[in-house]
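Since the structure comes first, as structure tokens, the remarks are kept for the end.
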Amino acid sequence: MARITAGVGTSHVPAIGAAIDLKKTGEEYWKPVFAGYEWSKSWIGTEKPDVVVLVYNDHASAFDMKIIPTFAIGCGERFAPADEGWGPRPVPDVIGHPDLAWHIAQSLILDEFDMTIINEMTVDHGLTVPLSLMFGEPDAWPVKVVPLAVNVVTYPPPTGNRCWALGEAIRRAVKSFPEDLNVQVWGTGGMSHQLQGPRAGLINAEWDNMFLDGLIGESDALRHIPHIEYLRETGSEGIEMVMWLIMRGALGPATRCLHRHYHVPASNTAVGHIVLEPITGD
Amino acid sequence: MTTDIHQYLASFDDIPGTRVYTAARARQGYQLNQFAMSLMKPENRARWKADERAYLADWPMTDEQKQAVLDRDYNRLLDLGGNIYFLAKIFSTDGLSFVQAVSTMTGMSVEDYQAMMLAGGRSPEGLRSKKEKR
């Protein structure tokens, strides 16, 4: 049977992707950002997950304003990197796992999560930057990916509670997949940042670290944080952190923290990263 | 657990210096954002760079929106329904980074803005709520 063995949370700042692609990771500005991922790269090299359910948001790349799916799951065979205006990132195509993705999609719908199913789309920095941070620059990604795109751009995004519950449902879905697969769930985006208006540049390290704390252990308090608190405390784009709650929900009742990293800034953004494993009671 | 949509939306107006991208803004800015999205295609970028006014003439946007685009007045564009991820297509076409473009909305020079980010960013202190002054 397939099983969820770990969760990863990470920011997906586009400038991080650009720093990797332009070979700037050794620069003083970038060193501390990437240093926090060294442990994780070595860890994932040993863990060798078969599939990552990668929760992210599209930033006006594959989706424009014509269609705004709240939760969309990529069931296609492969997903090419999006051209975000300056050519696609020079990274490998993302290879899907259609059997698992369709199994999750069907299970979620019967579990009353009305998913949008996507067979063809490109994937932007929201999805590819986390892969680069965790795997570096391989010729092919060493993992298959089930993209799970969440609307966090047009209000209202899904509530934190709904995201957590979706994670719980993904856990049930993965556990009922007959093939023996090592599956990780990643939540990406955040942490505090605001990219618009006179308040742009807002960073709230204290709140971000409270959020990281809340992902560890048995508490599910984070699922009840209302949107207005993310907006007030973490800037207009901090709302991306609801996507981390899908990852947390998928890990079950309790977690243990294996690694944690926090750095300000990358471009306009606070970089947060955490590696969690489920403490399974079931 | 039902949220009152009116209270939910009203609370956004209490955040200083922030325009939350609500359904109302998404409607108001639909053509503006779709115009910006069109700049994702190289052939459109070339046409846009050759003659911005002629390119805008093809889009059913308001005169105010068109003028704010020509002025690169990003705060005004947010007020007119623009969303930052769509507006990013305009400033990327201009060759500006997020830091450069975002700093223009803050009234700070790009150097001062970058220095603020390096020093840990803008503190939320006093910028959480207009009413509660916290």
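Sequence lines, in order, name chains F and R.
So in my numbering, spot 148 of the first sequence is number 130, and the numbers just go up one at a time.
So in my numbering, spot 34 of the second sequence is number 703, and the numbers just go up one at a time.
We treat Cβ as the ideally placed atom computed from N, Cα and C, and that holds for glycine.
Check                                                                                                                                                                                : Outcome
Helix, strand or coil: which one does DSSP assign to residue -12 of chain F?                                                                                                         : strand
From the DSSP output, read off the bridge partner residues of residue 99 of chain F.                                                                                                 : F:55
Using a Cβ-Cβ cut-off of less than 7 Å, list which residues of the segment 782 to 798 of chain R approach chain F; keep chain order.                                                 : 782, 785, 786, 787, 789, 790, 791, 793, 796, 797 and 798
Just the Cα atoms here: how many angstroms apart are residue 36 of chain F and residue 82 of chain F?                                                                                : 13 Å
Starting from residue 146 of chain F, follow the alpha helix (DSSP H) in both directions and report where the run begins and ends.                                                   : 142 to 157
Go ahead and label residue 197 of chain F buried or exposed: buried means 16 or more other beta carbons lie within 10 angstroms of its beta carbon, across all protein chains shown. : buried
Buried or exposed: which applies to residue -17 of chain F, given that a residue is buried once 16 or more other Cβ atoms fall within 10 Å of its Cβ?                                : exposed
Taking 8 Å as the limit between beta carbons, can you name the residues of its chain near residue 709 of chain R, skipping five residues before and five after?                      : 758
Would you call residue 671 of chain R buried or exposed, if buried means 16 or more other Cβ atoms sit within 10 Å of its Cβ?                                                        : exposed
Along the segment 718 to 748 of chain R, where does the CB come closer than 8 Å to a CB of chain F? Name the residues.                                                               : 743, 744 and 747
Give me the residue from F:180, F:178, F:214 and F:132 with the minimum Cα distance to residue 229 of chain F.                                                                       : F:132
Taking DSSP's pairing of strands, which residues face residue 166 of chain F in a bridge?                                                                                            : F:-12 and F:34
Taking beta-carbon pairs under 7 Å, can you tell me which members of the segment 213 to 243 of chain F lie near chain R?                                                             : 213, 214, 215 and 218
Three or more beta-carbon pairs under 8 Å between the segment 672 to 682 of chain R and the segment 246 to 257 of chain F, yes or no?                                                : no
Is the CB of residue 772 of chain R under 9 Å away from at least one CB in chain F?                                                                                                  : yes
Taking only runs that begin and end inside the segment 100 to 141 of chain F, name each unbroken beta strand (DSSP E) of 3 or more residues, in chain order.                         : 126 to 132
Along the chain, where does the beta strand (DSSP E) that runs through residue 254 of chain F open and close?                                                                        : 251 to 260
If you draw a straight line from the alpha carbon of residue 186 of chain F to that of residue 720 of chain R, how long is it in whole angstroms?                                    : 42 Å
In chain F, what lies closer than 7 Å to residue 703 of chain R by C-beta?                                                                                                           : 46 and 47
Using only the alpha-carbon positions, how far apart do residue 790 of chain R and residue 686 of chain R sit?                                                                       : 15 Å
If we call anything under 9 Å between Cβ atoms a contact, is residue 50 of chain F one with residue 233 of chain F?                                                                  : no
DSSP state of residue 681 of chain R, grouped into three classes?                                                                                                                    : helix
In terms of DSSP beta bridges, what is residue 76 of chain F paired with?                                                                                                            : F:61
Who are the neighbours of residue 688 of chain R on chain F, taking C-beta pairs under 9 Å?                                                                                          : 178, 179 and 218
Any beta-carbon of chain F closer than 9 Å to the one on residue 768 of chain R?                                                                                                     : yes
List, in chain order, every chain R residue whose beta-carbon is nearer than 7 Å to that of residue -2 of chain F.                                                                   : Simply none; closest approach about 12 Å.
Any contact of the segment 87 to 104 of chain F with the segment 162 to 182 of chain F, i.e. 3+ C-beta pairs under 8 Å?                                                              : no
For the segment 193 to 244 of chain F, list the beta strand (DSSP E) runs that are entirely contained and at least 3 residues long, ordered along the chain.                         : none
Are the CB atoms of residue 774 of chain R and residue 179 of chain F nearer to each other than 9 Å?                                                                                 : yes
Using CA coordinates, which residue listed in F:1, F:129, F:7 and F:190 is at the minimum distance from residue 792 of chain R?                                                      : F:190
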